[in-house]
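Take -7 as the starting number for the sequence shown in our numbering and just add one per residue. Glycine included, each C-beta is placed from N, C-alpha and C at the ideal position. In this text, all values refer to a predicted model and were calculated from it rather than measured experimentally. Written below as structure tokens is the structure these notes are about.
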Amino acid sequence: MQAQRPALLIVAHGSRAEGWLDRVREFAGHVAESPGIDAAFSTVDVACLEAVPPSIPDAVRALLASGVSRVLVAPLFLTASTHLSEDIPGLLGLPLPEHVRRRLTAEGHQPLPPGLPVTLLDLGPIERMLGANVERRLSLRSEDPSEEAVVLCAYGSTVHHERWEALMAAVRAYLMRHGYAYACHAYVGHVVSHSPAPTLQAIRKALHMAGVRRVHVVPVLLSTGAIQTTVIAAAWRAAEASEGHGRVLYEPDAILPDGDLAAHVAAVALRELGVFVAADRGANA
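Following this line, the structure appears as structure tokens:
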């Protein structure tokens, strides 16, 4: 791979959970394999906001030091938070109020200085990407959506609760527009102390909705980790034992891998460089 071409950096939140980062790296590999990427970019790398190295600023510094002409940053933050609006642009040295930069520095980050050849890509509305992702995963095991309900299991937040509620409402509406009889959500993160109780309650509610014969429990989490195998699994087992009788279906999977989302990220990156993209499989995501 020659120097002076731009680099593409896939950035995510980060987690120390076993296997979490592997999924993100696999996703970056799928982006790198998309048509046109190898010719347009010198490399496709991964960086995280916290928990695991390299940090986003360190990764950008290393790429620029290697001689790339610019760095395009693709954010995999499919959550309701200020990561996309403040943290990531602040770390990249993009124009933001000075208090954001001061906060990031106080939190131990080392933001990049302004003026570097860095571009933060806009991947489009999060709710559409999540809705399309969940629908694709369900298509592998759904029999008749008109008789099925979906329970979305999301991390949640006390600080951004209203944003999470709006995001989950939008994803639920997406699924119901695409034929599912009913959709609801439950939080599984710190906001509920990682308790399975809210998920169990949501499953029971879905089971009792008129016309619902089966309930799909779907993690809306970027990568796999303990939440899928402990919190959500505990709720699923309890629901099956008490009243499910084979009607509650659960796979401890995650948003990643997603080939259509990888193709979409690649298409957005190529369009930023002015490269014609014949088809974007994730354009409706």
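**Asked** Helix, strand or coil for Ile2 per DSSP?
**Response** Looking at Ile2 - three-state DSSP - the assignment turns out to be strand.
**Prompt:** Would you say Ala146 and His177 are within 8 Å of each other, going by their C-beta atoms?
**Reply:** It is a contact, given that the beta carbons lie within the stated cut-off.
**Request:** For Glu235, I'd like the list of residues in its chain whose CB is within less than 8 Å of its CB, leaving aside the five on either flank, ordered along the chain.
**Result:** Sequence-distant Cβ neighbours of Glu235 in its own chain, meaning closer than 8 Å and more than five residues away, are Arg196, Leu199.
**Message:** Please list the terminal residues of the continuous alpha helix (DSSP H) segment that includes Thr97.
**Reply:** Under the DSSP assignment, Thr97 falls in the alpha helix (DSSP H) whose first and last residues are 90 to 98.
**Message:** Applying the 10 Å Cβ sphere with the 16-neighbour rule, what's the burial state of Ser58?
**Reply:** It is exposed - the Cβ of Ser58 has fewer than 16 other Cβ atoms within 10 Å.
**Asked** Under the rule that 16 or more other beta-carbon atoms within 10 Å means buried, what is Gln284, buried or exposed?
**Response** The structure shown does not extend to residue 284, since the chain is modelled only from -7 to 277, so the question has no answer here.
**8 Å Cβ cutoff met for Pro249 and Ile224** = Not in contact: Pro249 and Ile224 (Cβ atoms no closer than 8 Å).
**Request:** Report the rounded CA-to-CA distance for Met(-7) versus Leu76, giving the unit in angstroms.
**Result:** Legend: pLDDT at Met(-7) = 43, less than 50; position of this residue unreliable, no value from coordinates given.
**When Thr221, Thr216, Gly251, Ala258 are compared against Asp14, the one with the closest alpha-carbon** = Nearest C-alpha to Asp14: Thr216.
**Message:** Helix, strand or coil for His208? Go by DSSP, reduced to three states.
**Reply:** For His208, the secondary structure class from DSSP, reduced to helix, strand or coil, is strand.
**Item:** Sequence-distant residues of its chain with Cβ nearer than 6 Å to Ala175 (five each side left out)
**Value:** Same-chain partners within the cutoff: Val142, Arg164, Leu167, Met168.
**Asked** Of the choices Ala261, Phe268, Val267, Asp50, whose alpha-carbon is the least far from that of Leu112?
**Response** Nearest C-alpha to Leu112: Ala261.
**Prompt:** Rounded to a whole number of angstroms, what is the C-alpha to C-alpha distance between Arg206 and Leu241?
**Reply:** Using only the alpha carbons, I get a separation of about 7 Å.
**Request:** Measure the Cβ-Cβ separation of Tyr172 and Pro137 and say whether it is below 8 Å.
**Result:** Yes; because the gap between Cβ atoms is below 8 Å, this pair is in contact.
**Prompt:** Hey, is the stretch 25 to 40 in contact with the stretch 81 to 90, meaning 3+ C-beta pairs nearer than 8 Å?
**Reply:** No: the two stretches stay apart, fewer than three of their Cβ pairs being nearer than 8 Å.
**Request:** Answer with buried or exposed for Asp50, where buried requires no fewer than 16 other C-beta atoms within 10 angstroms of its C-beta.
**Result:** The residue is exposed, with fewer than 16 neighbouring Cβ atoms inside 10 Å.
**Request:** May I have the straight-line CA-CA distance separating Arg263 from Ala32, to the nearest angstrom?
**Result:** Pairing Arg263 with Ala32, the inter-Cα distance amounts to about 11 Å.
**Item:** Per DSSP, the bridge partner or partners of Leu112
**Value:** For Leu112, which the question treats as bridged, DSSP gives the partners Val65.
**Prompt:** My guess is that Gly28 and Val267 are in contact by the Cβ rule of under 8 Å, so how many angstroms apart are they, rounded?
**Reply:** Contact check for Gly28 and Val267: beta-carbon distance about 6 Å, within the 8 Å limit, so the pair qualifies.
**Asked** Which residues does DSSP pair with Thr35 in a beta bridge?
**Response** Answer is Ala(-1), bridged to Thr35.
**Prompt:** Contact check, Pro79 vs Leu96 under 8 Å by CB: the rounded distance?
**Reply:** Note that residue 79 is Asp in the sequence shown, not Pro. About 7 Å separates the two Cβ atoms, so the contact holds.
**Message:** Please state whether the Cβ-Cβ distance between Gly251 and His22 is less than 8 Å.
**Reply:** Cβ atoms of Gly251 and His22: closer than 8 Å.
**Asked** Smallest Cα separation from Gly116: which of Ser131, Leu55, Leu70, Pro109?
**Response** Checking every option, the nearest Cα to that of Gly116 belongs to Leu70.
**Message:** Please list the terminal residues of the continuous alpha helix (DSSP H) segment that includes Glu18.
**Reply:** Segment 12 to 24, the alpha helix (DSSP H) holding Glu18.
**Asked** Given a threshold of 16 other Cβ atoms within 10 Å of its Cβ, counted over all protein chains shown, does Glu10 qualify as buried or as exposed?
**Response** Exposed, by the Cβ-count rule.
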